[in-house]
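*Asks:* Got a structure for you, written out below as structure tokens; questions coming shortly.
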Amino acid sequence: MAPAIRSLRFRLTKRFGAKTVLDDFALEVQGREFVTFLGPSGCGKSTALNLLAGLLEPTEGEIWLDGARIDPLPPEARGFGMVFQNYALFPHLSVFHNVAFGLELRRVPRAEVEARAGRVLALVQLSGLEHRYPAQLSGGQQQRVAIARALVVEPRVLLLDEPLSNLDAKLRLEMRGEIKRLHAALGLTAIYVTHDQAEALSLSDRVVVLRDGRVMQAGSPADIHDRPENLFVADFMGYRNLFPITVTTGGAAGRVVGSAGALTLTGRAPRPLAQGAAGVAAVRPEDLTLTSEPAGPNVLKGRVRLTEYLGREHDVEVELDSGHTIKARVAEPVAVGTAVGLRVAPERVVMLPAEGGA
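Residues 7 to 364 (the working numbering) are what the sequence shown spells out, left to right.
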């Protein structure tokens, strides 16, 4: 593989007519880092990847690789490898020739083409399938061919645009592990685009959450999962219980108490919330546990009105005595109509400002 880069730095804006698809998106990616652009459809993440690859021209901005500006360069001169969502394999070429295509375009000597293509096919566990055609392969095998084709040119940065979205659940898990293994084994610098939170959390060193072309939060997977900075990120990352509250005890970032009528919750705030401010208490279903405690901090009483069996766990919807509805994921089966108590630890309740709603 090519030597690892030191850094990729960019600031990009892209407009299509009057619509701004990417709005002053600035980031620096370090060598060997795995960065994921995460967000819903239409948030600008694939547009950002295509700008980096040179498949689109920015309306404004620059791209710098190891101190050299590269946005004026054509795609083939940037030294990037790209893995597309739909694989983009040539149906009339064999596995070997699909993988070797980039090397042949570069007029690499035949012996070197065979050696490098053979090494990469072994790396993605496709040895022995060199003479098959894409139609003769499973979806997972086709995706491996697409990854091998990107790797064989020894890219300085590997770009992956929702590469697992066309695979079934089992294959997605297998290929997720494969991508993680290849990144570690080869010391790749990778930028990955997905709308799947589990993919982003499991693969990344750093996650960048986008909404309407703007960065909502960037940080480690643990930061994004456990410490959302705004309501959009909390909602997107699975905080399904969002209660509008008024802060009754606030101040410096830390422990905050908020109430909504008869509902009172204690939680933690990523930034200061003043007493009397409007906020939102965000709680994940999996952070709620059944309890027999008669009362206590963050103990909520109610009655089950819906239950779903998920195998090891059960999703329940509880109508609280306060009149609110809350969703919980619990280990024990509970019948519809059962009176229950739920508890959530204060450190698992995130108190966010009400503005910038989901």
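Cβ coordinates follow ideal geometry from the N, Cα and C atoms, glycine included.
For clarity, every value in this text was computed on a predicted model and none was experimentally measured.
1) Check I332 in the structure and name its three-state DSSP category.
2) Going by beta-carbon coordinates alone, are G308 and G285 separated by less than 8 Å?
3) For T101, which option in P352, D29, V126 has the closest C-alpha, if you only look at C-alpha atoms?
4) Residue range of the alpha helix (DSSP H) that M181 falls in?
5) Which two residues bound the contiguous beta strand (DSSP E) that contains T295?
6) Over the uninterrupted alpha helix (DSSP H) stretch that includes D77, give me the two end residues.
7) Return the residue from the list M222, L62, S13, I153 that minimises the CA-CA distance to N92.
8) Are the CB atoms of A334 and V342 within a distance shorter than 8 Å?
9) Pair every Cβ in the region 213-225 with every Cβ in the region 63-77, then say whether three or more of these pairs are closer than 8 Å.
10) So, are the CB atoms of F16 and L58 less than 8 Å apart?
11) Take the Cβ of A228 as the centre, count every other Cβ of all protein chains shown within 10 Å, and call the residue buried at 16 or more, exposed below.
12) What residue range is occupied by the uninterrupted alpha helix (DSSP H) comprising R15?
13) Skipping 5 residues on each side, what residues in its chain have a beta carbon closer than 6 Å to that of I76?
14) With a Cβ-Cβ cutoff of 8 Å, do P169 and Q149 count as a contact?
15) Would you mind working out which of D167, R274, E319 sits nearest T295, comparing C-alpha positions?
16) Going by the beta-carbon positions, is the gap between D218 and C49 smaller than 8 Å?
17) With DSSP collapsed to three states, give me the class of S208.
18) How many angstroms separate the CA atom of V215 from the CA atom of V151?
19) Given a cut-off of 8 Å on the beta-carbon distance, is the pair A275 and M357 in contact?
20) Among the residues of its own chain, which have a CB less than 6 Å from the CB of G256, if the five just before and after it don't count?
21) Between which residues of its own chain and R246 is the CB-CB distance below 6 Å, once the five residues before and five after are set aside?
22) Would you check if the distance between the CB atom of A74 and the CB atom of R38 is smaller than 8 Å?
23) Per DSSP, D167 forms a beta bridge with which residues?
24) Which of helix, strand or coil does DSSP assign to T344?
25) My output table needs one value for L58: the three-state DSSP class, helix, strand or coil.
26) Identify the continuous alpha helix (DSSP H) that holds R155 and give its terminal residues.
27) Which residues mark the beginning and the end of the beta strand (DSSP E) in which H98 is found?
28) Within 10 Å of its beta-carbon, does Y315 have 16 or more other beta-carbons around it, so buried, or fewer, so exposed?
29) Any idea what DSSP makes of H103, helix, strand or coil?
30) Measuring alpha carbon to alpha carbon, tell me which of L14, L99, V336, I197 ends up nearest V346.
31) Can you say whether E184 is buried or exposed, counting buried as having 16 or more other CB atoms within 10 angstroms of its CB?
32) Going by DSSP, what residues sit across from K51 in a beta bridge?
*Replies:* Looking at the coordinates:
1) strand
2) no
3) The question names Thr, but residue 101 is Val in the sequence shown. For the residues P352, D29, V126, the minimum Cα distance to V101 belongs to V126.
4) 175-192
5) 294-297
6) Element bounds for D77: n/a, residue is neither H nor E.
7) I153
8) no
9) no
10) Taking 8 Å as the Cβ cut-off, F16 and L58 qualify as a contacting pair.
11) exposed
12) No alpha helix (DSSP H) holds R15; the beta strand (DSSP E) holding it covers 13-22.
13) I69, R84
14) yes
15) E319
16) yes
17) helix
18) The alpha-carbon atoms of V215 and V151 are separated by roughly 29 Å.
19) yes
20) Cβ neighbours of G256 beyond the five flanking positions: V262, L279, A280, Q281.
21) Cβ within range, chain order: P291, K333.
22) no
23) Its beta-bridge partners are V199.
24) Coil, per DSSP.
25) Here L58 sits in helix by DSSP.
26) Note, R155: alpha helix (DSSP H), 145-157.
27) Where H98 is concerned, there is no enclosing beta strand (DSSP E), given that its DSSP letter is neither H nor E.
28) exposed
29) helix
30) It is V336.
31) buried
32) For K51, which the question treats as bridged, DSSP gives no partner whatsoever.
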